[in-house]
Amino acid sequence: MEREELYDAPNNSRPSEQELPLEDSGDCELKSKPYVGMQFDSLDDVETFYKEFAKKEGFGIRIRTSKKAPRSDNITSRIYVCCSEGQRKTKNALDSGLSRDDENKARRSCSSLRTGCEAMLRVMKNKKLQKWVVKGFDNNHNHGIISPKSVSYLRCHKKMSTAAKSLVEKFSEEGLPTGKVAMMFNVGDQTFTSRDCWNHLRDVRGKNLDVGDASAVLNYCQKQQAQNSNFFYAIQCDDVGHMVNFFWVDARSRKAYQYFGDVVTFDTTYKTNKYDMPFVLRG
Numbered sequence: 190m191e192r193e194e195l196y197d198a199p200n201n202s203r204p205s206e207q208e209l210p211l212e213d214s215g216d217c218e219l220k221s222k223p224y225v226g227m228q229f230d231s232l233d234d235v236e237t238f239y240k241e242f243a244k245k246e247g248f249g250i251r252i253r254t255s256k257k258a259p260r261s262d263n264i265t266s267r268i269y270v271c272c273s274e275g276q277r278k279t280k281n282a283l284d285s286g287l288s289r290d291d292e293n294k295a296r297r298s299c300s301s302l303r304t305g306c307e308a309m310l311r312v313m314k315n316k317k318l319q320k321w322v323v324k325g326f327d328n329n330h331n332h333g334i335i336s337p338k339s340v341s342y343l344r345c346h347k348k349m350s351t352a353a354k355s356l357v358e359k360f361s362e363e364g365l366p367t368g369k370v371a372m373m374f375n376v377g378d379q380t381f382t383s384r385d386c387w388n389h390l391r392d393v394r395g396k397n398l399d400v401g402d403a404s405a406v407l408n409y410c411q412k413q414q415a416q417n418s419n420f421f422y423a424i425q426c427d428d429v430g431h432m433v434n435f436f437w438v439d440a441r442s443r444k445a446y447q448y449f450g451d452v453v454t455f456d457t458t459y460k461t462n463k464y465d466m467p468f469v470l471r472g
């Protein structure tokens with residue numbers, strides 16, 4: 190389960206939680222809610238239950254900590270928190286080396302709002318019962334809750350079916366706008382955005398990238414930089430460490446840019462290859 194951020198609504202806007210419709214938490218009482226002593230067969234059951242509870246209450250959740258047994262990968266306890274838990278770390282524009290405009294853009298790019306909310310659910314594995322038992326529960330939020338229509342766009346509540354993912358891949362193969370899939374499938378309990386479509390394609394391409402090919406590119410860049418320190422390269426990886434994007438520029442091109450940088454062209458004719466990844470030449 191990932192850290193929770195709030196992403197685009199279907200119209201590609203990026204609303205902050207402050208802009209989402211809020212409701213009074215008193216209107217969202219449920220017949221079933223977590224309580225101390227409640228038991229579950231597995232962590233998956235805990236997460237499924239708490240997600241459903243959070244969705245009906247109007248907030249998102251994420252994992253804060255998981256403890257493991259000594260010298261083992263077996264999880265013994267876990268704490269789930271509201272996605273508004275904690276405080277956002279901010280840097281002074283001068284300290285971070287960013288201009289004021291760049292800093293404002295960076296802030297807008299992350300639309301989650303940390304308010305120090307203390308709502309949480311703590312569970313622990315009971316070895317004797319072989320059950321997961323709720324040891325702590327706090328449902329007091331220090332922020333407004335999100336409306337049922339908007340809460341579905343929190344990452345933990347998004348759902349993208351296998352059929353939708355397959356259609357995104359098909360649209361990409363045919364050169365059609367993949368964002369249209371989000372508009373077609375956003376009915377019922379399926380809620381995802383055009384950005385989720387793009388992210389799915391990125392993950393697929395990353396998985397299809399052969400280890401040998403990725404290593405060859407990396408080795409080439411490292412060799413060139415060792416021969417000339419002015420050779421520059423950058424590699425972007427996804428959440429699981431797969432290489433998904435490469436950028437490099439040789440020393441001669443960097444020098445030429447100093448004199449002819451007023452005219453820059455992009456050649457995207459090399460767009461199709463076995464990985465369906467674009468290759469862009471800039472001159």
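To convert a position in the sequence shown, counted from 1, into this note's numbering, add 189. Glycine is no exception: its CB is placed at the ideal position from the N, C-alpha and C atoms.
Of all C-beta pairs linking the stretch 307-326 to the stretch 235-254, three or more are shorter than 8 Å, placing the two stretches in contact. Residue environment analysis places residue 367 among the buried positions, since at least 16 neighbouring C-beta atoms fall within 10 angstroms of its C-beta. Linking residue 344 to residue 380 through their CA atoms gives a straight-line distance of about 10 Å.
Remark: C-beta atoms of residue 264 and residue 253 do not approach each other more closely than 8 Å.
Of the candidates 351, 408 and 421, 421 places its Cα closest to the Cα of residue 444. The shortest CA-to-CA distance from residue 416 to any of 439, 405 and 262 is the one to 439. Leaving aside the five residues that flank residue 329 on each side, the residues in its chain whose CB is nearer than 8 Å to its CB run, in chain order, 307 and 308.
Under the three-state reduction of DSSP output, residue 269 falls in the strand class. In the three-state DSSP reduction, residue 426 falls in the strand class (E or B).
For the set 390, 351 and 334, the Cα lying nearest the Cα of residue 434 is the one of 390. Sequence-distant Cβ neighbours of residue 357 in its own chain, meaning closer than 6 Å and more than five residues away, are 367, 370, 386 and 389. Straight through space, the alpha carbons of residue 249 and residue 335 are spaced by roughly 9 Å. Non-local C-beta neighbours of residue 326 in its own chain, meaning closer than 7 Å and more than five positions away in sequence, comprise 223, 224, 225 and 310, ordered along the chain. Going by beta carbons, residue 332 and residue 304 fall inside the 8 Å limit. Looking from the CA of residue 441, the closest CA among 423, 256, 362 and 419 belongs to 419. Contact between residue 320 and residue 229 holds: CB atoms are separated by about 7 Å, below the 8 Å threshold. By DSSP's assignment, residue 315 forms a beta bridge with 320.
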